[in-house]
Structures are given as C-alpha cells and as structure tokens.
C-alpha cells in the first residue's frame, strides 16, 4: 500500500505515471470511441458527485462493487491536492477491463506448466485469469473480514481497511488458499491505470488527474510553442475523443 506519510501525493503520482503502460494512456477502445466523434467540453470531476450513479457494472456483483469502491477510495483518496479514485470513476475502468481482453487474459499464454517460484521475467504464472483472481480474492477477503471483524471489507473503518489491504499485498491475510498478493498487484496496477488513462477507457473522469499533473493528453501540435522558452503552457488537456478543458 502507498504510505501516506511520504511526500505529497502530487509528487508520488508524477513518479507513478511512468509505470502505467503507454497503451492505457494513449490507445482507444472501439466501443467507447463510437460514443463521441466530435470535440466537446469534458465535465470537470466533482468530489460531491456520485461515481456509481451513472454506471452499472457488467462484471462485478453488488457486493464486489462495494468492495472495489472501498478499496479504490483507500488507495487513492480525495484530498486538497487532487481528486481521488472515486471522483475519477476508477471502479468503472476496472469493471470494463475485467470484461475485456485483460480480464480474460486474451493475449496471455495460459497453457502451463506454471511455477509459483518463477522469476518475473517468465511472465504470469497461474491458470486463473485476472477476472477470476479478482472474484476469488474478494470473496476470500470478505469472508476473512466477516470472521475477524463481523463485517465485510466495505463496511470496515478506513484504518481497518488499510490494514487489510496492506496484509493482502504481502499475502498475510486469510487462511492462504488464495494468492491475495497477486490480487493486490492487479488491483493496484488497475487503480493507477484507471486514474491516469484517457477517459475513453472509463476512468480519469473529466481528465482530473491530467489537470492535477499538467499533462496535456492527446493534444496534437505544439509548433507555436517551440520557441517560447520559460513560459507556462496555458492550454488544458485534450482526450482522444477531442474533449478538452
């Protein structure tokens, strides 16, 4: 889990964006692209808005949806520096990912044999697709939370949720039938991707993270600024579909 006693989150996120695959920032998804063919203003993310009201999950069940919202909120919370994962609709991004090629491991080698002790350069080592990892792990975590605290993860206070996620990240939570560290790795990867990705993929609503970082997005030309040295760039970000601020 990210340590919130570290330097301000703005610095942390600027460093983290380098870890997000370029495809998550720049590639388009055909179904989403069809929704918007013309440039239009993007709505600004509002902390008071309800991220769940506009979208019905296609993969997650109702209880899993609550878990994902709670986990995303703990991993990147709202603060006075920038928007949180919920304001930027990161849960929607994750749900779409699990219904797509990533969730089904469509381009991964999944035939085995698999080695639990394999070095990272040998790639993913499990018969479970990412969507299966999510489903099994969420069920295991909620069951263990019920056993320990009498409530599922989403109903715990923030401090307890942080402890659970931290324990999952090193596979120290639950009876051990599930690789919760593998789940946490997927979750943290997907939260970062959804936070920084182009809005076409479902997250980064209103290009909120790009505004916070000063990232210009898919703006195509900077020729008029090539000779303007030491001047702040005044134009806001542009999405793949032409939304701009």
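Residue numbers (mature numbering (1 follows the signal peptide of the UniProt record, and there is no 0)): -32 to -1, 1 to 213. Where is the CB? At the ideal position from N, CA and C, for every residue including glycine.
Less than 8 Å separating the beta-carbons of residue 148 and residue 141?
-> Taking the chain shown and counting its residues from 1, one reaches residue 148 at position 180. Taking the chain shown and counting its residues from 1, one reaches residue 141 at position 173. Going by C-beta atoms, residue 148 is nearer than 8 Å to residue 141.
Looking only at C-alpha atoms, which of 176, 205 and 93 sits nearest to residue 190?
-> For the purposes of this step, residue 190 is taken as the residue at position 222 of the chain shown. The shortest Cα separation from residue 190 among 176, 205 and 93 belongs to 205.
Under the assumption that residue 129 contacts residue 38 (Cβ atoms under 8 Å), give the Cβ distance between them as a whole number of angstroms.
-> Translated into the one-based positions of the chain shown, residue 129 becomes position 161. Translated into the one-based positions of the chain shown, residue 38 becomes position 70. Confirmed, Cβ separation roughly 6 Å.
If you count every other CB in all the chains shown that lies within 10 Å of the CB of residue 172, and 16 or more means buried, which is it?
-> What you label residue 172 is simply residue 204 of the chain shown in a count that begins at 1. Flag for residue 172 reads buried.
How many angstroms separate the CA atom of residue 176 from the CA atom of residue 137?
-> Numbered from 1 along the chain shown, position 208 holds the residue referred to as residue 176. Numbered from 1 along the chain shown, position 169 holds the residue referred to as residue 137. Their backbone Cα atoms lie some 27 Å apart in a straight line.
Residue interval of the alpha helix (DSSP H) (run including residue 195) | By 1-based counting over the chain shown, the position of residue 195 is 227. Here residue 195 belongs to no alpha helix (DSSP H), and DSSP marks it neither H nor E.
Per DSSP, which residues does residue 58 bridge with? Please list them.
-> Indexing the chain shown from 1 puts residue 58 at position 90. BP columns for residue 58 are empty, so no partner.
Should the region 46 to 58 be regarded as contacting the region 106 to 117, the criterion being three or more beta carbon pairs within less than 8 Å?
-> no
Between the C-alpha atoms of residue 28 and residue 133, what's the straight-line distance to the nearest angstrom?
-> Residue numbering aside, residue 28 sits at position 60 when the chain shown is read from its first letter. Residue numbering aside, residue 133 sits at position 165 when the chain shown is read from its first letter. Roughly 19 Å between the two C-alpha positions.
CA-CA distance, residue 90 and residue 203?
-> The residue you call residue 90 lines up with position 122 of the chain shown. The residue you call residue 203 lines up with position 235 of the chain shown. Distance between the alpha carbons of residue 90 and residue 203: 43 Å.
With C-beta atoms as the reference, is residue 163 less than 8 Å away from residue 44?
-> Taking the chain shown and counting its residues from 1, the one referred to as residue 163 is at position 195. Taking the chain shown and counting its residues from 1, the one referred to as residue 44 is at position 76. The answer is yes: Cβ separation under 8 Å.
Residue of 92, 87 and 81 minimising C-alpha distance to residue 75 | Numbered from its first residue, the chain shown carries residue 75 at position 107. Selected option, being the one with the closest Cα: 92.
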